[in-house]
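Protein chains: 2
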Amino acid sequence: MDKKTQALFEARAKVIKAMAHPTRLFMVDQLSRREHCVCELTDMIGADTSTVSKHLSILKNAGIVSMEKRGSQVFYQLRVPCILNFFGCVEGVLKSSARDQMQLVK
Amino acid sequence: MDKKTQALFEARAKVIKAMAHPTRLFMVDQLSRREHCVCELTDMIGADTSTVSKHLSILKNAGIVSMEKRGSQVFYQLRVPCILNFFGCVEGVLKSSARDQMQLVK
DNA sequence: AAATCACTTGGCTATTTGGCCAAATGACCG
DNA sequence: CGGTCATTTGGCCAAATAGCCAAGTGATTT
Chain A
1 MDKKTQALFE ARAKVIKAMA HPTRLFMVDQ LSRREHCVCE LTDMIGADTS TVSKHLSILK
61 NAGIVSMEKR GSQVFYQLRV PCILNFFGCV EGVLKSSARD QMQLVK
Chain B
1001 MDKKTQALFE ARAKVIKAMA HPTRLFMVDQ LSRREHCVCE LTDMIGADTS TVSKHLSILK
1061 NAGIVSMEKR GSQVFYQLRV PCILNFFGCV EGVLKSSARD QMQLVK
């Protein structure tokens, strides 16, 4: 594998890595409906504000969300809606895995 | 966030986590063209066979690839082609991040 | 049966990640 | 200005991840 190819896949992995956490997936899902401030997301998730803030900055660094400061609050919005297509495919993976499990047990 | 929602996002994250590594993304890309045995992938990647084997078993556990033993070799194949749609979207994220960087520098 | 591929598994270490707490920053209210 | 709310950052620790080497398994060859 040459250097250029490797760099390409590393860049891609960085984006996918940012999605690879239940809390962050939840955030993306919520942000797909409408923008939210950190405090709203913190309420929904029930973790420490600092934890939520760090998750958000990971999404931001990956280029998946953007933020806007308004007054004392920071609002995050989903920047790339195509990310939502992930969910459909992932659901397909889960379903087909579940089917295979059934086959084994049956 | 209730228990059921949490479990859903954890299941989804497990699948995406399996993709969240450059080597594994490369494997998925290769397997999308045709099936490959472990030895072929090992040659392409240039890591220890055991490392490659472990990456493949992570993809298998996530339900992304399946394997078939034929003689002394093990062939892996992509089970869910929709995974390939990830790449298009990820590329979009990278492109739009790059554009934003340009704006900043310019 | 011994040697040899093809692969998986176990063990070890170094690095990364995720969480909380505490402290720092910034806006707003009184 | 002092206090408070919203958020970010730094520090710390526990857990997960990724890599290599070595050892184990299974099929094939001699």
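These protein sequence lines are chains A and B, in that order. In terms of my numbering, the first sequence opens at residue 1 and continues consecutively. In terms of my numbering, the second sequence opens at residue 1001 and continues consecutively. Note that CB positions come from ideal geometry on N, CA and C, so glycine has one too.
- Message: According to DSSP, is histidine 1055 of chain B part of a helix, a strand, or is it coil?
- Response: It is helical.
Requested in this report: Check the DSSP bridge columns for histidine 36 of chain A and list the partner residues they point to.
Outcome: The partner list for histidine 36 of chain A (beta bridge, DSSP) reads A:Tyr76.
message = At the level of alpha carbons, what is the spacing between glutamate 68 of chain A and valine 90 of chain A?
response = Glutamate 68 of chain A and valine 90 of chain A have their alpha carbons spaced roughly 30 Å apart.
| DSSP three-state assignment for lysine 69 of chain A, whether helix, strand or coil | Looking at lysine 69 of chain A - three-state DSSP - the assignment turns out to be strand.
Q) Taking C-beta to C-beta, are valine 1038 of chain B and isoleucine 1045 of chain B nearer than 8 Å? A) In this structure, isoleucine 1045 of chain B does not lie closer than 8 Å to valine 1038 of chain B by Cβ.
At least three beta-carbon pairs within less than 8 Å, the segment 1007–1025 of chain B to the segment 57–73 of chain A
In short, these stretches do not touch, since the Cβ pair count stays below three.
For the 8 Å Cβ check, are there 3 or more pairs between the segment 10–18 of chain A and the segment 1076–1093 of chain B?
In short, these stretches touch, since the Cβ pair count reaches three.
- Query: Helix, strand or coil: which one does DSSP assign to alanine 62 of chain A?
  - Reply: Coil.
Who are the neighbours of glutamate 40 of chain A on chain B, taking C-beta pairs under 9 Å? Simply none; closest approach about 13 Å.
Worksheet item: Quick one: does glutamate 1010 of chain B have its CB under 8 Å from some CB of chain A?
Response: Yes, because at least one Cβ of chain A sits closer than 8 Å to the Cβ of glutamate 1010 of chain B.
Listing by chain order, which chain A residues have their CB less than 7 Å from the CB of cysteine 1082 of chain B?
Those within 7 Å of cysteine 1082 of chain B in chain A are Cys89, Gly92.
Pull up the distance between the alpha-carbon of tyrosine 1076 of chain B and that of arginine 1070 of chain B, whole angstroms please. Rounded to the nearest angstrom, the gap between the Cα atoms of tyrosine 1076 of chain B and arginine 1070 of chain B is 11 Å.
message: Going by C-alpha to C-alpha distance, which of A:Val15, A:Ile16, A:Thr42 sits closest to methionine 27 of chain A?
response: The option with the nearest alpha carbon to methionine 27 of chain A is A:Thr42.
- request: Locate the alpha helix (DSSP H) running through isoleucine 16 of chain A, then write down its first and last residues.
  value: Where isoleucine 16 of chain A is concerned, the enclosing alpha helix (DSSP H) stretches over 3–19.
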